[in-house]
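Input: a single structure, listed below in structure tokens.
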Amino acid sequence: MNNLSGRRHTALVVIDVQNDVVAGAHDRDGVIARIASLVDRARTSDVPVVWVQHSDEGLVRGSHGWEYVPDLQRLDTEPLVHKQYGDSFEDTDLGQVLSSHGVGALVVAGAQTDACIRSTIHGAFTRGYDVTLVGDAHTTDDRTAYGAPAPAEVIAHTNLYWQRQAAPGRSAAVVATADVDFEAPTP
């Protein structure tokens with residue numbers, strides 16, 4: 001149903017599950033375990049897994065903090081997109097990677113809910129992709145000291161409003177890890 005002509009395939013996009021990004025994240029271990037499950041299921045279903053990795057002055061490329069958590073291992077055959085902005089499409093080759101696989105629908109998981117996850121799902125949606133957010137496979141850390149709601153509330157609010165997104169020719173959804181069906185045909 002996406003607005004991208006001829007792109008009938010789905011990809012799992014795993015965003016920024018890096019050591020320093022998720023060090024203090026809400027339900028860190030549970031979220032990482034659910035993402036690992038999604039990765040395994042995507043691979044079994046021959047669905048591309050696209051890894052996104054952030055770097056900036058506080059998250060230095062090549063440092064231990066910049067590396068993906070050891071619980072998640074990218075295969076050499078799986079694309080790795082390096083980014084420096086919240087939206088994983090901004091100034092990266094993510095669009096080209098997805099196009100080369102005929103992808104028009106994204107299943108998104110990772111971190112941080114209130115930063116790179118939100119930026120990327122909105123960026124994908126406005127670019128014409130169908131976007132499914134895995135509601136129990138994204139997380140953020142506690143930013144209440146800066147006036148933000150507690151992490152569980154940030155996650156719940158993001159899940160609430162994303163399931164209500166609408167635009168011509170595109171779909172948005174929120175599903176639990178257990179309900180992701182990589183075998184179902186894309187509309």
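Per UniProt numbering, residue 1 is the first one in the sequence shown, and the count goes up by one each step. By construction, the Cβ of each residue, glycine as well, lies at the ideal position given by its N, Cα and C atoms. If you're wondering where the values come from, they're calculated on a predicted model, not measured in any experiment.
Unbroken alpha helix (DSSP H) runs of length 4 or more, entirely within the stretch 74-161: which are they? 94-100, 118-126
Give the DSSP bridge partners of leucine 4, in chain order. None; leucine 4 has no bridge partner.
Please report how far the alpha carbon of leucine 12 lies from the alpha carbon of glutamine 112, in whole angstroms. 16 angstroms
Where glycine 102 and aspartate 87 are concerned, what is the direct C-alpha to C-alpha distance, given to the nearest angstrom? 20 angstroms
Please state whether DSSP places aspartate 179 in a helix, a strand or coil. helix
Could you pull out every residue in the same chain whose Cβ sits closer than 6 angstroms to the Cβ of arginine 61, ignoring the five residues on either side in sequence? Ser55
Taking only three categories from DSSP, how would you classify arginine 167? The residue asked about is misnamed: residue 167 is alanine in this sequence, not arginine. Strand.
Residues bridged to aspartate 56 by DSSP? Leu59
Going by beta-carbon coordinates alone, are alanine 172 and glutamine 163 separated by less than 9 angstroms? yes
Inter-residue CB distance, alanine 137 and alanine 115 (contact presumed, cutoff 8 angstroms): Wrong, their Cβ atoms sit about 16 angstroms apart, outside the cutoff.
With DSSP run on the structure shown, which of helix, strand or coil describes alanine 36? helix
Which of helix, strand or coil does DSSP assign to alanine 23? coil
Below 8 angstroms on the Cβ atoms is my contact criterion, and I expect valine 134 with threonine 177 to pass it. Report the Cβ-Cβ distance as a whole number of Å. 6 angstroms
For aspartate 26, does the count of other Cβ atoms within 10 angstroms reach 16, so buried, or fall short, so exposed? It should be pointed out that residue 26 corresponds to histidine in this sequence rather than to aspartate. When all chains shown are included, histidine 26 counts as buried.
Given that a residue counts as buried once 16 or more other Cβ atoms are within 10 Å of its Cβ, and exposed if not, what is residue 198? Here the chain covers residues 1 to 187 and nothing more, so residue 198 does not appear.
Does DSSP put valine 31 in a helix, in a strand, or in coil? helix
Residue from Gln73, Leu98, Asp141 with nearest C-alpha to aspartate 130: Leu98
In terms of DSSP beta bridges, what is valine 49 paired with? Leu12
Just checking my contact of glutamate 67 with glutamine 18 at CB under 8 angstroms: how many whole Å lie between their CB atoms? 6 angstroms
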